[in-house]
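Before any comments, here is the structure.
Number of protein chains: 2
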Amino acid sequence: MSSGVNLKALAAELKLSPSTVSRALNDSYEISEATKKKVVFMAEKMNYQPNPFARSLRENKSKTIAVVMPERMSSFFAKVIDGIEEVTQQHGYHLLVYSTHEDVEREKKIINLLMNGRADAIVMSVSSQTSDVSHLARLHERGFPLIFFDRICPDIPTTKFITNDYESSYEGTKHLIQQGCRKIAFLMLSKELSITKERYRGYLDALKTAGLSPTPSLQVTCAHDEEKNIEAIRAMLTSADRPDGLFSSVEKLALATYHAVKRTDIKIPQDLKIISFFSNISIAGLLTPSLTTITQPTFQIGEECAKLLIKKLTKPRQPDLPNQLISIPSKITIRSSTIAV
Amino acid sequence: MSSGVNLKALAAELKLSPSTVSRALNDSYEISEATKKKVVFMAEKMNYQPNPFARSLRENKSKTIAVVMPERMSSFFAKVIDGIEEVTQQHGYHLLVYSTHEDVEREKKIINLLMNGRADAIVMSVSSQTSDVSHLARLHERGFPLIFFDRICPDIPTTKFITNDYESSYEGTKHLIQQGCRKIAFLMLSKELSITKERYRGYLDALKTAGLSPTPSLQVTCAHDEEKNIEAIRAMLTSADRPDGLFSSVEKLALATYHAVKRTDIKIPQDLKIISFFSNISIAGLLTPSLTTITQPTFQIGEECAKLLIKKLTKPRQPDLPNQLISIPSKITIRSSTIAV
DNA sequence: TCAAAATACGGAAACGTTTGCGAAATTATT
DNA sequence: AATAATTTCGCAAACGTTTCCGTATTTTGA
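Sequences listed follow chains W and C, in order.
Be aware that the first sequence starts at 26, since it is given in the working numbering, and climbs by one per residue.
Be aware that the second sequence starts at 26, since it is given in the working numbering, and climbs by one per residue.
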């Protein structure tokens, strides 16, 4: 299926043994420069392509990294993968990409499939349904290189890359308060997620610092169905206890909020000020009114994940991935949706 | 690196030969039901995971499909991959995903890397820079299963999945004309792309049918730099020959147009009506004013690509992928951006 | 000049699977 | 009851690499 020419054929053409040819191509010190030249030339001429599976079988490594994430249609995850690909590609690594679609059963299946060594490492962000992390713990306990980003598992002792969720949320909420908000809603995907916990904590602390207390009915947990989310948010926005500010912990819920607002006569920012974690800055500026965002360092997160993994995988006797939380700060960009009028 | 237990170990535990165990696990008719039960049970118990590389090496297939596309941060490509994954995952196939970032040199590198058989097939959409398709032609000539979607290579005799680019563009342009537009701009990524050729043809024919002729200065070829695109569009929109309608052949240029319009005093749809190929319908409804779209059957395109490939790869003596163009129609959704006032 | 060391290469095993072939044990056929 | 057919399994080769050894040749050292 490849070009058909393998080491043996190449060796035969050169009247050398396969072992010599292999060593020549791998630039072994045991081979003279003269034969190296000849081998490389002939390999080029015959378009020799080493069989990756034979190599993987022999070396017990696949030169492949798996990325497991909740969804593909999200500028956040797309950019993170771009970052990962940027550095892995430079090192000749390939990327297997899986979407769990926020479904923990699919996540388990994928993880179990990856236990057979098809990939040398996994970089992942858990689904919003994931509360039992035994499948991930087992993977890690077997010594499989595993790192998390964004939606992490705090209890699994490995390296995790996040943004400063707590601080950004604190600052973002503080910003809303400074703009005059007193009743601030909080939108989240699932209470299980590390990011909602941290972001919620930042939100709560900012409220407390300002002497405000959260209103239970304004804390909305959303699901995967966009239409249902829009309706739930609309109901909350038009309830008796309607908020004057809103903090969305993820991008898609900010979009859902704009949809919900369109179904009411609420005016942003006059009646409602909005801030959200949001990575698609081009869209943020296009919304009406433009959205004040907390922008994560998406591409960089991907790059850092990949850099660490590459180091771990390429250096011969590398220690395990340390149990650490690496935080790369987000940036708040104030736009029209929170400008007091 | 896997669980450590291989066929030999499993066989030893069962006091059977590796060949028998292999056959039992593969449900061979040569093995009695009794031993099959025992083997399966023990495999489960010892958590046996077959080594994918040994299998790939032996069977000369990887159970992996590669997807090569121009960019990841596009709802169109994201949805197509979701569609592909949906069917490939059901058949136990894995997905290697590559982004060329609209760079033909990267595209060539990726294609050459994939020639070694790491993937059983490639489904791809070419970069906007791709005019020389020799790297793809060579791949196909070697018998490598290759199919295209959206941005196809007409000259490579394989199966291609597209939407009805010509008809949709004709209808979309006709719609603009019916709404009173007389000077309609056309935005494209690159004149080399199959989709711009077809969509441009539909646009031109619709103009001709209405007795209109295209204005050269309103045909804007854009590049990869978003800011430059916005400025080029803004310049065009504010030129002496300013248009009253605009047809964007891809999603990102519609967004760029909205950005450009924000920098002027142009009102949509009063001064300028806009229609665009666009697959992120949630965003389309959120733009101000909401955008009239030609929505491609993204998920279905992905599904169809994958279904065909799976059939080709799993049936034993399957013929080559036929040289055919399969078109799945788009749907025009009229929103505020083209409503005559 | 002769042993020792360095250089350059080949043979063969190993990675873990699948499968062709052969053979033993069981069952069916006459 | 003897043979044929069937069932059930094991041996060994093969997939294409890499690498541990061994060895022949050349170079170095005294």
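We put the beta carbon where it would ideally sit given N, CA and C, even for glycine.
- Taking each of C:Phe324, C:Tyr283 and C:Ser273 in turn and checking the Cα distance to Cys247 of chain C, the smallest one comes out for C:Ser273.
- Taken through DSSP and simplified to helix, strand or coil, Gly117 of chain W comes out as coil.
- Nearest to Ile299 of chain W by C-alpha distance, out of W:Asp269, W:Arg97, W:Ile172 and W:Leu311, is W:Asp269.
- Between Ile357 of chain W and Gly197 of chain W, the beta carbon gap of about 6 Å places them in contact (Cβ cut-off 8 Å).
- Cβ-Cβ distances below 8 Å link His116 of chain W to Ile335 and Thr339 in the same chain, with the five nearest sequence neighbours on each side left out; the list follows chain order.
- Taking a cut-off of 8 Å for Cβ pairs, the stretch 247-263 of chain W and the stretch 209-216 of chain W touch, as three or more such pairs fall below it.
- Within 9 Å of the CB of Asp107 of chain C, the CB atoms of chain W belong to Glu96, Arg97, Met98, Ser124 and His126, in sequence order along the chain.
- Looking at the DSSP output, Ser362 of chain C sits in no beta bridge, so it has no partner there.
- The DSSP-derived three-state label of Ile209 of chain C is strand.
- Straight through space, the alpha carbons of Met67 of chain W and Asp250 of chain W are spaced by roughly 58 Å.
- Residue pairing of Ile147 of chain W in beta bridges, as defined by DSSP: W:Ala91 and W:Leu171.
- With 16 or more other Cβ atoms inside 10 Å of its own Cβ, Val105 of chain C counts as buried.
- Sequence-distant Cβ neighbours of Ala162 of chain C in its own chain, meaning closer than 7 Å and more than five residues away, are Ile181.
- Among the residues facing chain W, Arg143 of chain C is included, as its CB has a counterpart in that chain under 8 Å away.
- With respect to chain W, the C-beta atom of Thr313 of chain C has a partner C-beta closer than 8 Å.
- Between Ile306 of chain W and Leu297 of chain W, the CB-CB gap reaches or exceeds 8 Å.
- Under the three-state reduction of DSSP, Gln343 of chain C is assigned to coil, being neither helix nor strand.
- By the 16-neighbour rule on beta-carbons within 10 angstroms, Gln74 of chain W is buried.
- The alpha-carbon of Thr155 of chain W is positioned some 25 Å away from that of Val122 of chain C.
- According to DSSP, residue pairing for Gly108 of chain C in a beta bridge does not occur.
- In the displayed model, Lys298 of chain W falls within a strand according to three-state DSSP.
- The secondary-structure analysis by DSSP pairs Ile187 of chain W across a beta bridge with W:Ser352.
- DSSP links Ile319 of chain C through a beta bridge to C:Phe302 and C:Ile357.
- Of all residues in the stretch 229-252 of chain C, only Glu251 come within less than 9 Å of chain W when Cβ atoms are compared, listed by chain position.
- Legend: CB atoms of the stretch 297-313 of chain W lying less than 9 Å from CB atoms of chain C belong to residues Asn305, Ser307, Ile308, Gly310, Leu311, Leu312 and Thr313.
- According to the DSSP assignment, Thr246 of chain W belongs to the beta strand (DSSP E) that extends over Gln244 to Thr246.
- In this structure, Met140 of chain C keeps its C-beta atom at 8 Å or more from the C-beta atom of Phe173 of chain C.
- By the neighbour-count criterion, in which a residue is buried when 16 or more other Cβ atoms sit within 10 angstroms of its Cβ, Ala365 of chain C is exposed.
- Across the structure, Gln349 of chain W and Ser355 of chain C are spaced so that their CA atoms are roughly 48 Å apart.
- At a Cβ-Cβ threshold of 8 Å, Leu311 of chain W and Leu280 of chain C count as neighbours.
- Residues of the stretch 66-81 of chain C with a Cβ closer than 9 Å to any Cβ of chain W, in chain order: Asn72, Gln74, Pro75, Asn76, Pro77, Phe78, Ala79, Arg80 and Ser81.
- For Leu271 of chain C, the enclosing beta strand (DSSP E) stretches over residues Gly270 to Ser273.
- The beta-carbon of Tyr54 of chain C is placed no less than 8 Å from the nearest beta-carbon of chain W.
- Using a Cβ-Cβ cut-off of 9 Å, Lys104 of chain C is close to Arg97 and Met98 of chain W, given in chain order.
- The Cβ of Ser47 of chain W sits no closer than 8 Å to any Cβ of chain C.
- At a beta-carbon threshold of 9 Å, none of the residues of chain W lie near Leu316 of chain C; the nearest stands roughly 10 Å away.
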